[in-house]
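Visitor: To convert, count from 1 in the sequence shown and add 40; that's the numbering used here.
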Amino acid sequence: MTQPIVSVQSVTKRYGSFAALDGVSLDVRPGEVVAIIGASGSGKSTLLRTINHLDPPDAGQVWIDGRLMGFSEGPRGPRRLSERDLRRQRAEVGMVFQHFHLFPHFTVLQNLIEAPMAVRGLSRHEASERARGLLAEVGLEGRETAFPAELSGGQQQRVAIARALAMQPKVMLFDEPTSALDPELVGEVLRVMQRLAEGGMTMLVVTHEMDFAEEAADRVVFFDQGRIVETGPPAQLLRSPTEPRTQAFLHRLLRKDR
Ligand code: ADP
Ligand code: MG
């Protein structure tokens with residue numbers, strides 16, 4: 041079996057005495073697309089934040105492509121990385137948020153070239169060439185000089201995806217990427233994500249879009265109270281879940297859709 045590109049091992053994350061993540065383990069193979077579902081407050085965002093050490097776990101480990109996240113291998117065991125080295129390591133993991141998080145005072149092009157220049161050491165020319173290619177891939181050719189506020193939510197989210205890809209990450213994490221969008225703009229973002237998945241990108245996607253999960257994901261993971269309750273292929277987990285808590289969650293979701 042191929043080595044997992046993401047390996048989450050017994051990760052616990054506490055806020056005070058409350059465990060937002062309670063011993064979560066998850067292996068993701070290269071090219072795999074994993075959809076993460078679960079009620080609000082179940083720990084989905086916390087999982088993504090611990091994976092790239094925006095929020096370091098209190099216990100357990102995260103490995104990205106065989107490297108321990110947040111630490112370097114020293115002669116006397118693992119040593120915590122400096123903030124600067126952590127930023128470099130984090131570049132392996134692209135992240136897309138619900139609310140885009142573009143720099144509002146930067147143009148689209150500036151949003152895409154800033155981190156590759158600062159963290160990856162690309163020249164302005166190299167970074168700009170790469171950015172133009174990515175903008176074409178997400179259907180935003182020619183919008184280099186626009187500011188985020190001049191774009192629709194769907195366009196801004198596609199810029200955010202291109203910006204994450206500009207770092208050439210090994211893995212992409214999406215945290216409810218379409219939840220803040222008007223319904224008519226959801227499809228254009230999901231289509232970009234679908235193409236990315238078909239192109240072989242490894243993706244973890246927190247989503248309430250069950251049609252997307254069913255079509256694009258290789259596996260669905262159901263979260264409840266900081267734990268993985270059930271995991272399986274989309275058709276099985278979404279249509280005939282075995283755990284009562286998964287059944288109850290999906291039942292509530294379907295009722296809301298009608
Ligand atoms: P989800 O993304 O599934 O809605 P979260 O991962 O955001 O859930 O949150 C899981 C739980 O952890 C929630 O109860 C939330 O209130 C709590 N939590 C998340 N972040 C923090 C924080 N920075 N401080 C305190 N509690 C937090
Ligand atoms: Mg969340």
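Positions of the beta carbon are idealized from the N, C-alpha and C atoms, including for glycine.
Excluding five sequence neighbours on each side, which residues of the same chain lie with their C-beta closer than 7 Å to the C-beta of Gln196?
Guide: In the sequence shown, the residue the question calls residue 196 occupies position 156. Around Gln196: Phe140, Leu142 and Pro188.
Visitor: Under the three-state reduction of DSSP, which class applies to Ala99: helix, strand or coil?
Guide: As a first step, residue 99 is located in the sequence shown; it is residue number 59 there, counting from the start. Ala99: strand per DSSP, three-state reduction.
Visitor: Per the DSSP calculation, Leu213 is bridged to which residue(s)?
Guide: Working through the sequence shown from its first residue, we reach residue 213 at position 173. Leu213 is bridged to Met135 and Leu244.
Visitor: Which residues bound the alpha helix (DSSP H) around Gly194?
Guide: Within the sequence shown, numbered from 1, the residue matching residue 194 stands at position 154. That run of the alpha helix (DSSP H) goes Gly193 to Leu205.
Visitor: Measuring CA to CA, which of Gly193, Ala155, Val226 and Ala176 is closest to Ala167?
Guide: For the purposes of this step, residue 167 is taken as residue 127 along the sequence shown, with counting starting at 1. The candidate whose alpha carbon is nearest that of Ala167 is Ala155.
Visitor: Applying the 10 Å Cβ sphere with the 16-neighbour rule, what's the burial state of Lys84?
Guide: As a first step, residue 84 must be located in the sequence shown, where it is residue number 44. Label assigned to Lys84: buried.
Visitor: With a CB to CB cut of under 6 Å and the five nearest residues on each side skipped, what residues in its chain are close to Gly114?
Guide: Along the sequence shown, read from residue 1 onward, the residue named residue 114 stands at position 74. Here the set comprises nothing.
Visitor: Is Lys53 near ligand 2, in the sense that its beta carbon is under 7 Å from a heavy atom of that ligand?
Guide: Here residue 53 refers to the residue found at position 13 of the sequence shown. No, Cβ of Lys53 sits at least 7 Å from all heavy atoms of ligand 2.
Visitor: Measure from the alpha carbon of Leu66 to the alpha carbon of each residue in Thr286, Arg285 and Ile268, then state which is nearest.
Guide: To locate residue 66, count along the sequence shown from 1; it is residue 26. Out of Thr286, Arg285 and Ile268, Ile268 has the C-alpha closest to the C-alpha of Leu66.
Visitor: Just the C-alpha distance for Thr218 and Leu230, rounded to the nearest angstrom, thanks.
Guide: Translated into positions along the sequence shown, residue 218 becomes position 178. Translated into positions along the sequence shown, residue 230 becomes position 190. Roughly 8 Å between the two C-alpha positions.
Visitor: For His165, which option in Ile153, Leu175, Ala176 and Val159 has the closest C-alpha, if you only look at C-alpha atoms?
Guide: By one-based count along the sequence shown, residue 165 stands at place 125. For His165, the nearest C-alpha among the options comes from Ile153.
Visitor: Determine the contact status of Leu174 and Glu181, defining contact as a CB-CB distance below 8 Å.
Guide: On the sequence shown, position 134 is the one that residue 174 refers to. On the sequence shown, position 141 is the one that residue 181 refers to. Taking 8 Å as the Cβ cut-off, Leu174 and Glu181 do not qualify as a contacting pair.
Visitor: Pairing CB atoms from the stretch 93–100 with CB atoms from the stretch 42–53, are three or more of them under 8 Å?
Guide: Verdict: yes, contact present.
Visitor: Rounded to whole angstroms, what's the CA-CA distance from Val246 to Gln129? Just pull it up for me.
Guide: The count along the sequence shown starts at 1 and reaches residue 246 at position 206. The count along the sequence shown starts at 1 and reaches residue 129 at position 89. Computed Cα separation, rounded: 22 Å.
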